[in-house]
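Trainee: Numbered as in the working numbering, the sequence shown ends at 838 without a single skipped number. Just so it is clear, CB atoms sit at the ideal spot from N, CA and C, and this is done for glycine as well. Structure below; questions to follow.
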Amino acid sequence: MIISQILNNNVAIVKKGSNDQTRGNEVIVYSKGIAFRRKVGDTIEEEEIQKTYVLDSHDKLEHFSYLLSNTQEDYLQIVTKTIEYGEKVIQKDISDYLYLALLDHIDFAIKRLRKSQIIKSPLDWEVRKFYPDHYKIGLYAVDLIEKATGMECPNEEAVSVALHFINLQSQGEEADSMMKMMEAVRNILSIIKYHYRLDFEEDSINYIRLVTHLQYFIVRMFKGEAHSSSESELNRQIRKLYPEAYNCVNKIRIYVKDSFEKDLSEDEEAYLMLHIQRVTKREEDN
């Protein structure tokens with residue numbers, strides 16, 4: 553491989569073929585001291601390289617090159633260790649694009665920490681509840697940041713790191729649907745909370761059951777697979793037994809109709825009333 557640009561002692565841009573003059577054939581290589589006392593045009597052997605970054609566009613290559621030239625070595629180590637850990641946790645190979653995205657994020661996050669600027673993610677609750685493995689990766693990154701900088705890094709930053717891994721696994725329309733589904737669950741829980749004027753005990757079995765039911769309900773609704781049955785009499789009995797739960801479900805019905813142009817089946821109504829009654833009765837008793 554021929555060096556076309558030296559970024560620092562540890563990082564260089566090289567051409568993969570000695571006869572190829574196009575920038576599209578360039579990759580970024582990393583290894584401790586790999587570019588020390590070398591110059592453009594020198595050769596680097598494969599066995600000298602610890603990590604090769606292959607990016608799919610010239611713009612990304614330029615952006616990554618700039619970041620590597622202007623961020624500390626410690627930051628790249630945080631990113632590398634986080635991604636290696638993440639691959640083990642989610643058991644999936646990760647594209648080199650994540651190195652670029654995560655290095656950009658870590659660099660900016662540390663600058664914000666130095667200024668005591670904390671940004672809380674609006675998806676904090678959803679990520680913690682629906683993506684515990686990805687959140688674990690974020691916490692791992694937070695720990696690395698604290699060790700590298702000596703500053704306390706809030707767990708809100710773990711959510712932001714986790715989202716990079718979540719978005720990488722769910723691209724395009726799938727990622728958009730995922731975000732909409734998480735938001736829908738959160739909004740329905742808010743409707744229940746404000747209807748009953750209750751703060752939920754989020755570790756309780758009944759609350760976890762409610763959240764799980766809502767997750768599956770929203771997925772079925774998005775896929776057009778909502779439950780339907782002829783159990784009208786059961787629905788009517790539950791309405792009479794738990795009129796407050798029925799009033800709450802009516803609010804959920806309006807939200808679902810306005811937001812997604814979907815109707816709640818009687819079957820879904822019945823399930824929701826039972827789950828809502830169970831969790832709110834427990835909270836009121838407490």
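For a test of the three-state rule: what should DSSP assign to V592, helix, strand or coil?
Mentor: Here residue 592 corresponds to residue number 40 of the sequence shown, with the count starting at 1. DSSP places V592 outside both helix and strand once states are collapsed to three, so it counts as coil.
Trainee: From which residue to which residue does the beta strand (DSSP E) around K567 run?
Mentor: In the sequence shown, counting from the first residue as 1, residue 567 sits at position 15. Segment 563–567, the beta strand (DSSP E) holding K567.
Trainee: In whole angstroms, what separates the C-alpha of T634 from that of N739?
Mentor: Numbered from its first residue, the sequence shown carries residue 634 at position 82. Numbered from its first residue, the sequence shown carries residue 739 at position 187. Their backbone Cα atoms lie some 32 Å apart in a straight line.
Trainee: Along the chain, where does the alpha helix (DSSP H) containing L766 start, and where does it finish?
Mentor: As a position in the sequence shown, residue 766 is number 214, starting the count at 1. Element bounds for L766: 757–775.
Trainee: From this set, E698, S817, D755, E598, which residue's C-alpha is nearest Y627's C-alpha?
Mentor: The residue labelled residue 627 in the question sits at position 75 within the sequence shown. Checked all of E698, S817, D755, E598; the closest Cα to Y627 is E698.
Trainee: Taking the straight line between their C-alpha atoms, what separation do you get for F717 and N560?
Mentor: Position 165 of the sequence shown holds residue 717. Position 8 of the sequence shown holds residue 560. Cα to Cα, the separation comes out at about 28 Å.
Trainee: Give me the Cα-Cα distance between I790 and K672, rounded to the nearest whole angstrom.
Mentor: As a position in the sequence shown, residue 790 is number 238, starting the count at 1. As a position in the sequence shown, residue 672 is number 120, starting the count at 1. For I790 and K672, the distance between alpha carbons rounds to 40 Å.
Trainee: Could you give the residue range of the beta strand (DSSP E) that holds K603?
Mentor: By one-based count along the sequence shown, residue 603 stands at place 51. 603–605 is the extent of the beta strand (DSSP E) around K603.
Trainee: Mapping the DSSP letters down to three states, classify Y618 as helix, strand or coil.
Mentor: Position 66 of the sequence shown, counted from the first residue, corresponds to residue 618. The answer is helix: DSSP assigns Y618 an H, G or I state.
Trainee: For S617, does the count of other Cβ atoms within 10 angstroms reach 16, so buried, or fall short, so exposed?
Mentor: As a first step, residue 617 must be located in the sequence shown, where it is residue number 65. By the neighbour-count rule (16 or more Cβ atoms within 10 Å), S617 is buried.
Trainee: Give every residue of the same chain whose Cβ lies closer than 7 Å to the Cβ of I630, excluding the five residues on either side of it in the sequence, and list them in chain order.
Mentor: What you label residue 630 is simply residue 78 of the sequence shown in a count that begins at 1. Non-local beta-carbon contacts of I630 in its own chain, meaning distances under 7 Å to residues more than five positions away in sequence, involve I658, A693, L696, I697, A700 in chain order.
Trainee: When burial is assigned at 16 or more other CB atoms within 10 Å of the CB, is G724 buried or exposed?
Mentor: Sequence index remark: in the sequence shown, residue 724 carries index 172 (1-based). In this prediction, G724 scores a pLDDT of 45, lower than 50, which makes its location untrustworthy; the coordinate-derived value is nonetheless stated afterwards. So G724 counts as exposed.
Trainee: Quick one: what does DSSP say N707 is sitting in, helix, strand or coil?
Mentor: Here residue 707 corresponds to residue number 155 of the sequence shown, with the count starting at 1. N707: coil per DSSP, three-state reduction.
Trainee: I believe I558 touches G593 by the beta-carbon criterion, under 8 Å. Please report the beta-carbon distance rounded to the nearest angstrom.
Mentor: As a first step, residue 558 must be located in the sequence shown, where it is residue number 6. As a first step, residue 593 must be located in the sequence shown, where it is residue number 41. Between G593 and I558 the Cβ distance is about 11 Å, and since that is not below 8 Å, they are no contact.
Trainee: Return the residue from the list M703, F774, Y794 that minimises the CA-CA distance to K732.
Mentor: The count along the sequence shown starts at 1 and reaches residue 732 at position 180. Taking only the C-alpha atoms, the option nearest K732 is F774.
Trainee: Give me, in chain order, the residues of the same chain whose beta-carbon lies closer than 6 Å to that of A797; leave out the 5 immediate sequence neighbours on both sides.
Mentor: Here residue 797 refers to the residue found at position 245 when the sequence shown is read from its first residue. Answer for A797: M825, I828, Q829, listed in chain order.
Trainee: Have a look at C705 and D645 and give me their C-alpha separation to the nearest angstrom.
Mentor: Here residue 705 corresponds to residue number 153 of the sequence shown, with the count starting at 1. Here residue 645 corresponds to residue number 93 of the sequence shown, with the count starting at 1. Whole-angstrom Cα-Cα distance: 27 Å.
Trainee: Could you tell me if I670 is buried or exposed, where buried requires 16 or more neighbouring beta carbons within 10 angstroms of its beta carbon?
Mentor: The count along the sequence shown starts at 1 and reaches residue 670 at position 118. The residue in question, I670, is exposed, as its Cβ has fewer than 16 Cβ neighbours within 10 Å.
Trainee: Smallest Cα separation from L652: which of E614, Y687, K681, F682?
Mentor: Here the question's residue 652 lines up with position 100 in the sequence shown. When each option's Cα is compared against that of L652, the closest is E614.
Trainee: Roughly how far, in whole angstroms, is the beta-carbon of G585 from the beta-carbon of N562, given that I think they are within contact range, below 8 Å?
Mentor: Position 33 of the sequence shown, counted from the start, is the residue given in the question as residue 585. Position 10 of the sequence shown, counted from the start, is the residue given in the question as residue 562. At roughly 6 Å, the Cβ-Cβ gap stays under 8 Å, so G585 and N562 are in contact.
Trainee: Pick helix, strand or coil for Y794, following the three-state DSSP scheme.
Mentor: As a first step, residue 794 is located in the sequence shown; it is residue number 242 there, counting from the start. Residue state, collapsed to three classes: coil.
Trainee: Is V579 closer than 8 Å to V606 when the C-beta atoms are compared?
Mentor: Walking along the sequence shown from the start, residue 606 turns up at place 54. Walking along the sequence shown from the start, residue 579 turns up at place 27. Against a cut-off of 8 Å, the Cβ pair of V579 and V606 comes out as a contact.
Trainee: Alpha carbon to alpha carbon, how far is Y637 from H747? Give it in angstroms, no decimals.
Mentor: By one-based count along the sequence shown, residue 747 stands at place 195. By one-based count along the sequence shown, residue 637 stands at place 85. Each residue's Cα considered, the two are about 42 Å apart.
Trainee: Quick check: the Cα distance between V641 and H686, rounded to an integer number of angstroms?
Mentor: As a first step, residue 641 must be located in the sequence shown, where it is residue number 89. As a first step, residue 686 must be located in the sequence shown, where it is residue number 134. Roughly 8 Å between the two C-alpha positions.
Trainee: Count the other CB atoms, across all protein chains shown, that sit within 10 Å of the CB of T832; report buried if there are 16 or more and exposed otherwise.
Mentor: Against the sequence shown, residue 832 aligns to sequence position 280. That one is buried.
Trainee: By the three-class DSSP mapping on this structure, what secondary structure does Y748 have?
Mentor: The residue labelled residue 748 in the question sits at position 196 within the sequence shown. Y748 falls in the helix class under three-state DSSP.
Trainee: By the three-class DSSP mapping on this structure, what secondary structure does E725 have?
Mentor: By one-based count along the sequence shown, residue 725 stands at place 173. Confidence in E725 is poor, its pLDDT being 46 and thus under 50, which makes the residue's placement too unreliable to answer from.
Trainee: Beta-carbon separation of I760 and V737 under 8 Å?
Mentor: Walking along the sequence shown from the start, residue 760 turns up at place 208. Walking along the sequence shown from the start, residue 737 turns up at place 185. Cβ distance not < 8 Å, so I760 and V737 don't count as in contact.
Trainee: Going by Cα to Cα distance, which pick from D611, V679, K603 is closest to L715?
Mentor: Along the sequence shown, one-based indexing puts residue 715 at 163. Ranking the options by Cα distance to L715, first place goes to V679.
Trainee: Short check: CB of E597 to CB of S583, under 8 Å?
Mentor: As a first step, residue 597 is located in the sequence shown; it is residue number 45 there, counting from the start. As a first step, residue 583 is located in the sequence shown; it is residue number 31 there, counting from the start. In this structure, S583 does not lie closer than 8 Å to E597 by Cβ.
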